[in-house]
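Trainee: As given, the protein sequences belong to chains G and V, one line each in that order. Under the working numbering, the first sequence is numbered contiguously, ending at residue 351. Under the working numbering, the second sequence is numbered contiguously, ending at residue 351. The beta carbon of each residue, even a glycine, is placed where N, CA and C say it ideally should be.
Protein chains: 2
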Amino acid sequence: MNDEQTPERYPERATIRDVAAQAGVSIGTASKALNGNGRLKQETRDKVVAAADALGFRPNAMAQSLHRAKSMTVGILSTDSFGRFTFPIVEALEERLAEHGIAIFMCNATDDPAREKQHLDQLLGKRIDGLLVTARRMDMRPPIAVPGKSMPVIYVFSQAEDPDALCLIPDDYGGAVLGVQHLVDIGRQRIAHIAGPTRFEAVTLRQQGYLDTLSKAGLKPVASHTLNGQWSELWGRDAVATLFDGKAEKPDALFCDNDQIARGATDALRELGLSVPNDVAVVGFDNWDVMALAARPPLTSVDMNLRELGRVAGDRLIAMIAGERLKGVERLNCSLVVRQSSDPSQN
Amino acid sequence: MNDEQTPERYPERATIRDVAAQAGVSIGTASKALNGNGRLKQETRDKVVAAADALGFRPNAMAQSLHRAKSMTVGILSTDSFGRFTFPIVEALEERLAEHGIAIFMCNATDDPAREKQHLDQLLGKRIDGLLVTARRMDMRPPIAVPGKSMPVIYVFSQAEDPDALCLIPDDYGGAVLGVQHLVDIGRQRIAHIAGPTRFEAVTLRQQGYLDTLSKAGLKPVASHTLNGQWSELWGRDAVATLFDGKAEKPDALFCDNDQIARGATDALRELGLSVPNDVAVVGFDNWDVMALAARPPLTSVDMNLRELGRVAGDRLIAMIAGERLKGVERLNCSLVVRQSSDPSQN
Numbered sequence: 005m006n007d008e009q010t011p012e013r014y015p016e017r018a019t020i021r022d023v024a025a026q027a028g029v030s031i032g033t034a035s036k037a038l039n040g041n042g043r044l045k046q047e048t049r050d051k052v053v054a055a056a057d058a059l060g061f062r063p064n065a066m067a068q069s070l071h072r073a074k075s076m077t078v079g080i081l082s083t084d085s086f087g088r089f090t091f092p093i094v095e096a097l098e099e100r101l102a103e104h105g106i107a108i109f110m111c112n113a114t115d116d117p118a119r120e121k122q123h124l125d126q127l128l129g130k131r132i133d134g135l136l137v138t139a140r141r142m143d144m145r146p147p148i149a150v151p152g153k154s155m156p157v158i159y160v161f162s163q164a165e166d167p168d169a170l171c172l173i174p175d176d177y178g179g180a181v182l183g184v185q186h187l188v189d190i191g192r193q194r195i196a197h198i199a200g201p202t203r204f205e206a207v208t209l210r211q212q213g214y215l216d217t218l219s220k221a222g223l224k225p226v227a228s229h230t231l232n233g234q235w236s237e238l239w240g241r242d243a244v245a246t247l248f249d250g251k252a253e254k255p256d257a258l259f260c261d262n263d264q265i266a267r268g269a270t271d272a273l274r275e276l277g278l279s280v281p282n283d284v285a286v287v288g289f290d291n292w293d294v295m296a297l298a299a300r301p302p303l304t305s306v307d308m309n310l311r312e313l314g315r316v317a318g319d320r321l322i323a324m325i326a327g328e329r330l331k332g333v334e335r336l337n338c339s340l341v342v343r344q345s346s347d348p349s350q351n
Numbered sequence: 005m006n007d008e009q010t011p012e013r014y015p016e017r018a019t020i021r022d023v024a025a026q027a028g029v030s031i032g033t034a035s036k037a038l039n040g041n042g043r044l045k046q047e048t049r050d051k052v053v054a055a056a057d058a059l060g061f062r063p064n065a066m067a068q069s070l071h072r073a074k075s076m077t078v079g080i081l082s083t084d085s086f087g088r089f090t091f092p093i094v095e096a097l098e099e100r101l102a103e104h105g106i107a108i109f110m111c112n113a114t115d116d117p118a119r120e121k122q123h124l125d126q127l128l129g130k131r132i133d134g135l136l137v138t139a140r141r142m143d144m145r146p147p148i149a150v151p152g153k154s155m156p157v158i159y160v161f162s163q164a165e166d167p168d169a170l171c172l173i174p175d176d177y178g179g180a181v182l183g184v185q186h187l188v189d190i191g192r193q194r195i196a197h198i199a200g201p202t203r204f205e206a207v208t209l210r211q212q213g214y215l216d217t218l219s220k221a222g223l224k225p226v227a228s229h230t231l232n233g234q235w236s237e238l239w240g241r242d243a244v245a246t247l248f249d250g251k252a253e254k255p256d257a258l259f260c261d262n263d264q265i266a267r268g269a270t271d272a273l274r275e276l277g278l279s280v281p282n283d284v285a286v287v288g289f290d291n292w293d294v295m296a297l298a299a300r301p302p303l304t305s306v307d308m309n310l311r312e313l314g315r316v317a318g319d320r321l322i323a324m325i326a327g328e329r330l331k332g333v334e335r336l337n338c339s340l341v342v343r344q345s346s347d348p349s350q351n
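Right under this line is the structure:
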């Protein structure tokens with residue numbers, strides 16, 4: 005698994021879902037008809053085969069071997085709770101798995117290991133074919149104890165020291181490089197980093213991305229270049245108060261570890277009489293529409309492509325159910341969405 | 005079903021989950037042991053019975069008749085997508101159902117009726133015992149077509165013209181009464197309503213709650229008392245610009261249909277040099293922490309108690325699976341969280 009690799013995209017082609025829709029049957033029925041198993045009327049079977057032919061649908065080897073799956077169900081277990089980071093992931097995952105006729109059980113452990121164990125027992129009792137583990141935060145978590153390593157496990161937006169599992173997370177280092185390089189490209193010279201709490205791996209990776217990008221551009225970090233604080237607007241406002249307190253070398257750009265920080269920073273700059281982006285350009289992280297679009301001006305932001313993360317998790321899980329052995333940590337590319345906080349020509 | 009009724013709360017007592025934890029077995033095993041079905045070692049059965057005795061667990065009639073359930077699974081189907089309103093509902097629902105050993109399949113129809121139909125077929129194929137239908141928006145939606153009315157259906161945070169289903173929604177009228185009465189109680193005389201789009205039933209109900217509360221207090225609505233716009237901060241700022249444009253009778257309080265509007269309004273008031281709450285008190289709706297706590301000052305807000313909505317949906321679904329016939333529209337109480345935007349003594 006290559007960390008730098010662009011997320012693989014499969015070509016668009018007819019899925020079992022399309023065949024089912026065309027034949028007017030359920031996905032399960034279409035699947036049975038094409039695989040010659042299950043009890044179906046010959047008429048139904050013929051209708052499905054005709055639809056598959058018309059759409060050019062060919063069940064590939066992976067889809068065939070998917071039939072080693074026992075229940076066509078998987079579980080998604082959240083360590084803490086489902087929140088704004090996990091919704092887009094779970095939605096895209098559900099969409100991708102539904103195309104293959106796989107249903108998702110949703111379980112939430114609310115930070116309680118006993119509850120997690122009970123959920124796992126329940127899911128094993130339902131004979132799920134695979135398990136996704138997620139978390140609101142990207143912290144390292146203990147590996148989940150699947151008895152006998154009997155099924156594939158993927159950690160998504162979450163990591164565990166589990167040598168048999170695959171971990172899918174956003175490329176935080178690369179995301180920071182994108183954001184800071186953009187500030188370099190628009191000619192900024194004194195770029196400060198208003199960061200989140202250092203206990204997050206994401207924060208230390210983004211800081212490294214920031215430092216490496218400045219170094220490559222021949223720029224020096226401004227004094228007290230990285231300020232660590234909370235994931236809040238209040239922290240963004242406080243950090244601006246510190247950075248612009250009358251000292252000589254004021255920043256002309258701020259790279260902020262999330263959109264809440266960036267929004268607080270932007271508000272504080274406006275209240276100091278400084279123009280964003282003319283005096284100070286601002287880049288946030290998350291591309292969370294609620295924050296990024298409501299900020300004045302709207303925020304340029306690094307997008308973690310969470311829906312893509314969900315889709316890839318679905319693809320990888322299907323591959324693993326079909327027999328592929330995937331493991332290690334796979335980091336998916338971020339992208340940059342440019343808005344007025346760094347580019348006055350944007351709407 | 006009485007619209008005005010306080011949501012029923014069941015007394016805390018040992019659940020099958022507690023028994024399972026105490027006996028060190030899964031919920032399914034505990035359930036089988038107590039109901040004398042399934043193939044279990046006598047030793048396991050004895051251990052569970054001992055745990056049930058120790059905890060004073062008595063499976064009641066409802067729990068017993070729950071065993072008419074076929075699969076111990078239910079589906080939750082979202083019309084549009086899962087978002088910040090539906091996640092607390094789904095989380096609390098999942099928690100409540102897990103206590104009864106019932107697992108949830110999660111499906112998302114993303115506004116596509118064909119996709120919804122496929123999900124429904126798939127869920128029926130999994131022999132779910134009940135179905136919850138939800139939506140990001142509280143609009144009326146077409147009833148879902150369960151063949152033969154073969155299982156209970158609950159619409160939660162969503163409504164349908166389905167004579168056989170139960171709809172659970174927040175009491176928007178009552179929520180508005182709470183918010184506006186609070187402004188009356190702190191002595192405000194000229195209360196304006198900055199509302200959301202009129203196509204939402206919630207908006208028209210809240211407007212009625214606003215008007216009735218003023219009328220009961222002997223107050224007149226201010227000129228152009230309700231302004232309808234979007235669910236955004238921008239709309240909150242624009243509405244304040246209209247209300248405070250130099251006309252004689254300026255409001256001394258604003259009741260806003262969500263926290264984004266209230267936050268935009270608060271920002272605009274500050275920028276006009278007006279103090280919140282001294283010159284103008286502000287009340288929002290949703291009690292969405294991201295908005296309500298980051299606003300300056302933090303917002304007093306009406307809370308729709310979405311987790312309670314999820315818990316009640318779980319209880320009602322269990323009752324319906326056990327044979328109760330519930331239908332109609334049940335509106336659950338909102339509550340008011342008072343912060344500095346209406347009360348300077350709050351922290």
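1. If we cut at 8 Å on Cβ distances, does G/Gly277 have a partner in chain V?
2. State the start and end residues of the unbroken alpha helix (DSSP H) segment that holds V/Ala323.
3. Pick helix, strand or coil for V/His197, following the three-state DSSP scheme.
4. What does a CB cutoff of less than 8 Å around V/Arg241 pick up in its chain, not counting 5 residues either side in sequence?
5. Please report whether the beta-carbon of V/Cys111 lies at a distance below 8 Å from any beta-carbon of chain G.
6. What runs of the alpha helix (DSSP H), each 4 residues or longer, lie entirely inside the region 212-286 of chain G?
7. Under 7 Å Cβ-Cβ, which residues of chain G neighbour V/Ala107?
8. Along chain V, in chain order, which residues have C-beta atoms closer than 8 Å to that of G/Glu98?
9. Count the other C-beta atoms from every protein chain shown that fall within 10 angstroms of the C-beta of V/Gly60, then say buried if there are 16 or more, exposed otherwise.
10. Could you list the residues in the region 19-36 of chain G with a C-beta less than 9 Å from some C-beta on chain V, going in chain order?
11. For the region 183-201 of chain G, enumerate the residues whose C-beta is nearer than 7 Å to any C-beta of chain V, in chain order.
12. If distances are taken between C-alpha atoms only, which option among V/Pro281, V/Leu321, V/Leu297 comes closest to V/Cys171?
13. If we cut at 8 Å on Cβ distances, does V/Gly361 have a partner in chain G?
14. Give the straight-line distance between the Cα atoms of V/Gly277 and V/Glu95, rounded to the nearest whole angstrom.
15. Check whether chain G comes within 8 Å of V/Gly87, counting only Cβ atoms and requiring the distance to be less than that.
16. Of all the CB atoms in chain G, is at least one closer than 8 Å to the CB of V/Glu312?
17. Between G/Gly87 and V/Arg88, what straight-line distance do the alpha-carbon atoms span, to the nearest angstrom?
18. Distance cutoff 8 Å, beta carbons only. Does G/Gln122 sit that close to anything in chain V?
19. Between V/Val188 and V/Thr208, is the Cβ-Cβ spacing less than 8 Å?
20. Secondary structure at G/Pro11, three-state DSSP: helix, strand or coil?
21. Please report the Cβ distance between G/Thr138 and G/Thr77, rounded to the nearest whole angstrom; I am assuming they are in contact, meaning their Cβ atoms lie under 8 Å.
22. Using a Cβ cut-off of 9 Å, pull out every chain V residue sitting near G/Ser236, in sequence order please.
23. In chain V, which residues lie less than 7 Å from G/Glu354 when you measure between Cβ atoms?
24. Quick one: is G/Asn39 buried, meaning 16 or more other Cβ sit within 10 Å of its Cβ, or exposed?
25. Quick one: which chain V residues come within Cβ less than 9 Å of G/Asp54?
26. For G/Glu165, which of helix, strand or coil comes out of DSSP?
27. Is the beta carbon of V/Ser339 less than 8 Å from the beta carbon of V/Asp319?
28. Mind listing the chain V neighbours of G/Phe91? Cutoff is C-beta to C-beta under 9 Å, in chain order.
29. Any idea if G/Asn112 is buried or exposed, counting beta-carbon neighbours within 10 angstroms, 16 or more meaning buried?
30. Using a Cβ-Cβ cutoff of less than 7 Å, which residues in the same chain neighbour G/Phe248 once the five nearest sequence positions on both sides are dropped?
31. Beta carbon of V/Thr230, beta carbon of V/His197: below 8 Å?
32. Anything in chain G within Cβ reach of V/Ala139, meaning under 7 Å, just list it in chain order.
33. Use the C-beta contact count for G/Lys220: other C-beta atoms within 10 angstroms, 16 or more gives buried, fewer gives exposed.
34. For V/Ile93, which residues of its own chain have a beta-carbon under 8 Å away from its beta-carbon, when the five flanking residues on both sides are left out?
35. What does a CB cutoff of less than 8 Å around G/Leu182 pick up in its chain, not counting 5 residues either side in sequence?
36. Quick test of your reading: G/Arg140 and G/Ser75, contact by CB under 8 Å. State the CB separation rounded to the nearest angstrom.
Mentor: By the coordinates alone:
1. Output row for G/Gly277: interface = no.
2. First-last of the alpha helix (DSSP H) with V/Ala323: 310-325.
3. Here V/His197 carries a strand assignment [DSSP, helix/strand/coil].
4. Around V/Arg241: Gly268, Ala269, Asp271, Ala272.
5. Output row for V/Cys111: interface = yes.
6. Fully enclosed alpha helix (DSSP H) runs of 4 or longer: 237-247, 263-275.
7. Going along chain G in sequence order, the residues near V/Ala107 (Cβ under 7 Å) are Phe109, Gln126, Lys130.
8. Under a criterion of Cβ atoms nearer than 8 Å, the residues of chain V adjacent to G/Glu98 are, in order, Met110, Cys111, Asn112.
9. V/Gly60 counts as exposed, since fewer than 16 other beta carbons sit within 10 angstroms of its beta carbon.
10. Hits within the stretch, in order: Arg21, Ala24, Ala25, Val29, Ser30, Ile31, Gly32, Thr33.
11. Residues: none.
12. In terms of CA proximity to V/Cys171, V/Leu321 leads the group V/Pro281, V/Leu321, V/Leu297.
13. Here chain V covers residues 5 to 351 and nothing more, so residue 361 of chain V does not appear.
14. Whole-angstrom Cα-Cα distance: 42 Å.
15. Closer than 8 Å to some Cβ of chain G, the Cβ of V/Gly87 qualifies, so yes.
16. By this cut-off, V/Glu312 is not an interface position.
17. Roughly 7 Å between the two C-alpha positions.
18. Chain V, which has a Cβ nearer than 8 Å to the Cβ of G/Gln122, makes this yes.
19. No, these two residues do not count as a Cβ contact at 8 Å.
20. Low confidence applies here, because G/Pro11 scores a pLDDT of 35, under 50, leaving its location unreliable; read the following figure in that light. In the structure shown, G/Pro11 sits in coil (DSSP, three-state: anything other than H, G, I, E or B).
21. That belief does not hold up - the Cβ atoms of G/Thr138 and G/Thr77 are roughly 17 Å apart, past 8 Å.
22. Residues of chain V passing the Cβ test: Leu297, Ala298.
23. No answer is possible for residue 354 of chain G: the residues shown for chain G start at 5 and end at 351.
24. In summary, G/Asn39 is exposed, with fewer than 16 beta-carbon neighbours lying within 10 Å of its beta-carbon over all protein chains present.
25. First, the residue type needs correcting, since residue 54 of chain G is Ala and not Asp in the sequence shown. Result: empty, since nearest Cβ-Cβ is about 19 Å, beyond 9 Å.
26. Here G/Glu165 sits in coil by DSSP.
27. Taking 8 Å as the Cβ cut-off, V/Ser339 and V/Asp319 do not qualify as a contacting pair.
28. Correct list: Ser85, Phe86, Gly87, Arg88, Thr90, Phe91.
29. By the Cβ-count criterion, G/Asn112 is buried, with 16 or more other Cβ atoms from all chains shown falling within 10 Å of its own Cβ.
30. Lys254, Leu276.
31. If you check the CB distance, V/Thr230 and V/His197 come in under 8 Å.
32. The premise fails here: V/Ala139 is roughly 14 Å from chain G at the closest Cβ pair, so nothing lies under 7 Å.
33. By the 10 Å Cβ count, G/Lys220 comes out exposed.
34. Same-chain partners within the cutoff: Thr138, Val160, Phe161, Leu310, Arg311, Leu313, Gly314, Ala317.
35. Same-chain partners within the cutoff: Val306, Cys338, Ser339, Leu340.
36. The pair is not a contact, with the Cβ atoms about 28 Å apart (cut-off 8 Å).
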